[in-house]
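Taken in order, these protein sequences are the chains called C and D. Going by the numbering used here, the first residue of the first sequence is number 1, and it counts up by one from there. Going by the numbering used here, the first residue of the second sequence is number 107, and it counts up by one from there. Using N, Cα and C, we set each Cβ at its ideal position, and we do this for glycine too.
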Amino acid sequence: MLISNMEVVPGKKIISHLGLVQGSTVRAKHAGRDIMAGLKNIFGGELKGYTELLAESRDEAIERLKEQAQAIGANAIVNVRFSTSSIAAGASEIFVYGTAVIVEDR
Amino acid sequence: MGQLIVFLVLLGLGYFFGRMAESRHYKRIHQREQAYRKLLVMPEKFPPIEYTRHGSTLVSGNVVISVDYFKTVAAGLRSFFGGRVAAYESLLDRARREAVLRMQEEAKAKGADAIYNLKFETARIGDSAGQGLGSVEVLAYGTALIPTPNMRAERIARANLATQNAG
């Protein structure tokens, strides 16, 4: 599965558009990490735990995006966009969407 | 009185450790930006003609950076008087540049020549009390253009020819 956030795929030709596909996940941080984050809010610096958490969530959202695209018979997803929203204190939603297409070599 | 002492201690800790973390981070950013200068990162939507035979894949980099206590207080004061909030400016600048560097790292590991259609995404992760900025997440993503195995073989052949001619 080819994933790209460009509208065109270099070296390939889009032969069919299959429409919008999306994947999302909601993750909460756990209390231990929250206490560490509270301390970090005094000293400053990177919150490695959160960085990893969000990266993992994004991977999962992309997995779901791929599953959806595969189910409708696409072999590539173009114009992919990410969106993050914090829906409650300590929980955030990661949303990824794109256009499922069928490409072939030019 | 006790509260005031706690406040001043936190302020001092935030100022000292926060500044240290920031200057260290900037040093690392400058070093790595030097190292990755050759890997182009462009916000253009369509890559130029040289890249039309490349393979492509999505690459991204993210980072969550926390404010320190001093920055929180400084920004609080600033929002009373209005104007530039320099404390947060440097925080976001660091986060963006770090995110781009991580994206470049991923692209380099995949052997990319360039990254096109760079997009940024910024999200605020509030602290438990829900006041102030807490921490900020920046995500940078784009499409890495990776030379195909054929192109790589061609390049090596060309480089060998050049050295032979020179010798």
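- For the pair D:Asp219 and D:Pro253, the Cα-to-Cα distance works out to about 7 Å.
- Close partners of C:Thr84 in chain D (Cβ separation under 8 Å): Glu227, Ala229, Glu243 and Leu245.
- The beta-carbon separation of C:Gly23 and C:Ala71, rounded to 12 Å, does not stay under the 8 Å limit for a contact.
- Apart from the 5 residues on each side of it in sequence, C:Gly49 sits with its Cβ closer than 8 Å to the Cβ of Lys29, Arg33, Met36 and Ala37 in its chain, given in chain order.
- The residue among D:Lys216, D:Leu267, D:Arg184 and D:Val173 with its C-alpha nearest the C-alpha of D:Ala201 is D:Val173.
- Boundaries of the alpha helix (DSSP H) around D:Phe113: Gly108 to Ala141.
- In the DSSP assignment, no residue is bridged to D:Arg264.
- Chain D has no Cβ within less than 8 Å of the Cβ of C:Thr25.
- The bridge partners DSSP lists for C:Thr99 are C:Leu20 and C:Val78.
- Here DSSP, grouped into helix, strand and coil, assigns D:Phe187 to helix.
- Look at D:Ile155 here: in three-state DSSP terms it is helix.
- Of all residues in the region 24-55 of chain C, those with a C-beta nearer than 7 Å to a C-beta of chain D are Asp34, Ala37, Gly38, Lys40, Asn41, Ile42, Phe43, Gly44, Gly45, Glu46, Leu47, Tyr50, Thr51, Leu54 and Ala55, reading in chain order.
- For D:Asp219, there is no enclosing beta strand (DSSP E), since its DSSP letter is neither H nor E.
- For C:Glu7, the chain D residues whose Cβ falls inside 7 Å of its Cβ are Lys151, in order along the chain.
- Judged by beta-carbon spacing, D:Ser196 lies beyond the 8 Å limit of D:Leu245, meaning their Cβ atoms are not closer than that value.
- Taking C-beta atoms as the reference points, C:Val80 and C:Val9 fail to come closer than 8 Å.
- Judged by pairs of C-beta atoms under 8 Å, the region 132-149 of chain D touches the region 213-230 of chain D, as three or more such pairs exist.
- Assignment of D:Asn256 by DSSP, reduced to helix, strand and coil, places it in the helix class.
- Among the residues of the region 150-170 of chain D, those with a Cβ less than 8 Å away from any Cβ of chain C are Lys151, Phe152, Pro153, Tyr157, Thr158, Arg159, His160, Gly161, Ser162, Thr163, Leu164, Ser166, Asn168, Val169 and Val170, in the order of the chain.
- Between C:Asp105 and C:Gly11, the C-beta gap is smaller than 8 Å, which places the two residues in contact.
- Boundaries around D:Ile171 are those of the beta strand (DSSP E), Gly161 to Asp174, since no alpha helix (DSSP H) includes it.
- Contact of C:Val80 with chain D is assigned, a C-beta pair being separated by under 8 Å.
- In the DSSP assignment, C:Gly38 falls within the unbroken alpha helix (DSSP H) covering Ala31 to Phe43.
- The beta-carbon of C:Ile3 is placed less than 8 Å from the nearest beta-carbon of chain D.
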